[in-house]
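Residue numbers (numbering that gives the first Met the number 0): 0 to 95.
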Amino acid sequence: MQFPDSVLTRSKEGKLEIRALESRGSFVICKYLDAGTGENVGTKRKLSLRHEDGRIEEYFIVPLKVSGRSLMLKAEVVKTEKKAWSEALGREVDLW
């Protein structure tokens with residue numbers, strides 16, 4: 000089967016691979032603030048992905064000691080309408 004050069008990539012081992020779209024959607028990244036001071040609580044972050052079909056996946060992003068690298072841990076998705084604090088607007092906003 001023939002594929003355009005623009006979708007071809009090489010693995011670390013040098014094997015030719017095809018970059019194939021699995022899903023599309025939108026995302027939200029939340030950080031966590033101390034309720035008393037409003038300061039960041041460490042480097043804790045959560046990435047929420049909403050696929051075109053409405054499915055939601057969530058991951059905790061854990062920075063590693065190696066500069067510029069992070070570990071993603073799949074989080075259990077709670078099926079509730081979540082809100083977050085918008086520092087830019089100074090009020091709560093819907094995640095989606």
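The beta carbon of each residue, even a glycine, is placed where N, CA and C say it ideally should be. Predicted model only: the values in this text are computed from it and were never measured.
Between the Cα of residue i and those of the options, spot the shortest distance and give me the residue it belongs to.
i     : options                       : result
Val76 : Tyr31, Arg9 and Leu48         : Leu48
Thr42 : Ile28, Asp52, Gly53 and His50 : Ile28
Leu20 : Gly13, Tyr31 and Leu7         : Leu7
Glu86 : Glu12, Leu32 and Pro3         : Leu32
Arg44 : Arg18, Glu16, Leu15 and Ala83 : Ala83
Lys78 : Gly53, Phe2 and Ser5          : Gly53
Leu46 : Arg18, Phe26 and Met0         : Phe26
Please state whether the Cβ-Cβ distance between residue i and residue j is less than 7 Å.
i     : j     : result
Lys81 : Leu63 : no
Glu16 : Ser22 : no
Gly13 : His50 : no
So does the stretch 53-62 actually touch the stretch 70-86, counting three or more Cβ pairs closer than 8 Å? yes
My parser needs the beta strand (DSSP E) runs of 3 or more residues fully inside the stretch 13-80; what are they? 15-17, 24-32, 39-50, 55-62 and 69-74
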